[in-house]
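Counting in the working numbering, the sequence shown runs from 47 upward without gaps.
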Amino acid sequence: MATTIHPHLRLSSLDKLPIMKRRLAKSITASAGPLTQQTVSEFATVMKNRQSTTICNDFVPVFYFLLDTARIPQIPAFDSDSPDNDVAHFYLSLGSFHLARRKKIFPDLWPRLDVWCYYFFQHEELISSTIGLGAPQTKQFYLEMMHFLRYISSASPSNHALIISDRKSHILAGRAYRCFSDEADFFGQQHALLMVRDILTMGKVRLGDVLEGFGGDISDLARLIMRHCELGVPWTAPSTDKPDLATFVIGLNILVRLDESGDDKKDAPRPMCAALIPLGFVKIIIKAGLVLGKIPSPIPEHSVLMCTCLTSLQHLLETDTGNGVLQTAVHFGLLNFLLAASSKKHSSLVVDICVGCLLVDVLTSFTVYYHVLEEMQKASALDIVSLAERMPLSSKLARAWRTFGSALRARLELRDSFNADPSIQSRNICGNCGVILPKLNFKRCSECRWITYCSTECQALDWDARHRVSCAEENIYRLKIRTTYTRKEYSFLRFLIHHSYTTSKSAIALAHVLRWEEDPDAWVCTILDYASFPVRMETIGGPQDMGRHMVHTGKRDTEAEADGKGMGMGREEGMFGVVEKSTKVMVRMPMAEAGRTVPWLFLVARESGLVRELREIAARRRVGRGGCGEEEKGEGELREEVERVIEGEGVTTVIKTVVL
């Protein structure tokens, strides 16, 4: 019967098989009705036996017979009551995919396979039930399942959409990832892990579904991804004849594509990246970047991996950890990685965009955080600066890197000045009179533990003037400072602000004079924005503008309105103390949280004499202004006069800081 049904089926060839296999082949080809479960199970066992390629090859005629006679679709339905029968049916059909991979050996199998797939693809319930089979948790099963999903997904757009939208696909991928990653021979599973990656990167994947299949919580999955990437890093080393990037890039791809946004429940798993950061995942990325940066002859594949690394890091930075991650990244050589990524000949547009964004974030990080500068010095920061400043002009990121190098050099010089003067960290300011003395000469308020005074008289005066109503708020500021900055960081920031103010004092004074020339009663405030480099200075006038800026920094509209009204007074009685109007400077400082800044308001005291002289200059200029061309000439003369006043005054700037 078999020889008359299909020309490829030769009984003589089947006779060469061992007796048990020969009996199985003949029972399949001779049967006219549905195959029994025992026959199906035996055949599935043969076809999934990778160790016996000869037997599989000899059984190809049996597959031809089944395909040509449409016997596979006639096997009892996948929704059979017997789970074992479902599994056997699945293996029987899946064996064809296993053989189809050897396309050159069996070219005539492909047309038959396509016919069978066409039938299979017409029944979504078959695909869905196949994906959800509760099969034994074996490597062979998951390997064939990954082949199955990838093959039918590539066969038609409709099936691709079905696979990527079916949560059972993601559950299955989670099971397979754990199965292959738990193997002792981790690198021997690269082919299987690559197929898992293909399933997870087909489209939007819900992290919750992957965790369900994984059978563990997010911390377990994070540790496995860490192990995956960590083991892959050494294989990217340039000392190897051919750097193997597959292991590392597969792990990164899996991380980037795990989309937690689909879990909108209150008890949804915490973000994947947040689970990876405490495990030191940033170090793995940086280590890989350093290795890649040393490869002498980069190829496009390296650029792709760099882009993946940068995308992963950018994904990390979008979590709530923000600049905290950047600090860690800087510690372990992120800048070397970025520099290498920018200088590669095969750098892509995506790489350039990622580098450009991260440069700004890193710049902000080492501008503000003192201990980052300390770690930068350990990481040969000056070498990085030198390389950045020598970046070829032909590079698309040359300007960004040169700005970056200049900023880092300037901050390191300030850090050296800060370290060279220990007294900077041991001085304090009186909350009433503004005098600066060593800390030992001050007393703190016993309630808020924040405001200090040089004498009991000053403390009594300040208590009656304003501290009585603001003491509780001052305590809140103290707690906020302690949770936002370390003690040394806070001292460094005050030093940084002091330096910025003294170096910009002439420009600030000139802006004030020009403003008072137009309106002698104007209230003027200067804002220094440390979220950019060079530090951006903006002078605003009037309570309306200040109110707008306060809203921008996070205050409620009602608070901003109240602030604006209070700032219109000649002398402000409130939480900021008693100061002359026009002596305010507002500073925006990045916080240790992504995408946020903390507004600082520092008040310049004991400069009433300077303020009066500047107002007199503005008044004389306003009275004597007139004539074509006089304004430009007068402004130059004004600048010189302002500088002479500042130099002659010899006023030491006294700064009191308040974090809003």
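Don't be surprised by glycine CBs; every beta carbon is placed ideally from N, CA and C.
Being a predicted model, the structure only gives us computed values, none of them experimental.
The alpha helix (DSSP H) with residue i in it runs from where to where?
i	result
residue 478	Unbroken run through residue 478: none, as it is neither H nor E.
residue 449	444-466
residue 541	533-564
residue 487	Neither: residue 487 is in no alpha helix (DSSP H) and is coded neither H nor E.
residue 211	203-211
residue 259	253-260
Buried or exposed: where does residue i fall if 16 or more other Cβ atoms within 10 Å of its Cβ makes it buried?
i	result
residue 251	buried
residue 237	exposed
residue 215	buried
residue 525	exposed
residue 514	exposed
residue 259	buried
residue 477	buried
residue 198	buried
residue 498	buried
residue 572	buried
residue 692	buried
residue 445	exposed
residue 485	exposed
residue 219	buried
residue 263	exposed
residue 88	buried
residue 662	exposed
residue 255	buried
residue 582	exposed
residue 451	buried
residue 688	buried
residue 686	exposed
residue 659	buried
Should residue i be counted as a contact of the ligand NAD given a C-beta to heavy atom distance under 6 Å?
i	result
residue 566	Here there are no bound small molecules, and the ligand NAD is not part of this structure.
Can you tell me which of the three DSSP states residue i falls into?
i	result
residue 581	coil
residue 574	strand
residue 502	helix
residue 686	helix
residue 692	helix
residue 132	Per-residue confidence for residue 132 stands at a pLDDT of 48, beneath the threshold of 50, marking its modelled position as unreliable; the derived number appears in the next sentence. Residue 132 falls in the helix class under three-state DSSP.
Kindly indicate which residue of the options has the alpha-carbon position closest to the one of residue i.
i	options	result
residue 45	249, 224 and 519	Nothing in the structure corresponds to residue 45, since the chain is present only between 47 and 706.
residue 690	299, 555 and 261	555
residue 465	419, 505 and 221	419
residue 502	516, 487 and 200	487
residue 546	401, 460, 558 and 483	460
residue 322	333, 269 and 356	269
residue 766	432, 223 and 356	Any question about residue 766 goes unanswered here, given that the chain covers just 47 to 706.
residue 522	193, 496, 434 and 505	496
residue 209	224, 191, 226 and 225	191
residue 383	548, 447 and 563	447
residue 564	664, 222, 517 and 516	664
residue 246	434, 272, 206 and 688	206
residue 443	659, 398 and 660	398
residue 244	265, 222, 257 and 261	222
Legend entry - Touch test, the segment 445-463 against the segment 480-497, Cβ-Cβ under 8 Å, three pairs minimum: no
Legend entry - Any 3 or more C-beta pairs closer than 8 Å across the segment 323-331 and the segment 265-280: yes
Inset, instruction - Evaluate contact between the segment 499-519 and the segment 532-550, counting only Cβ atoms and requiring at least three cross-stretch pairs below 8 Å. - result: no
Inset, instruction - Would you check if there are 3 or more beta carbon pairs closer than 8 Å linking the segment 537-544 to the segment 660-671? - result: no
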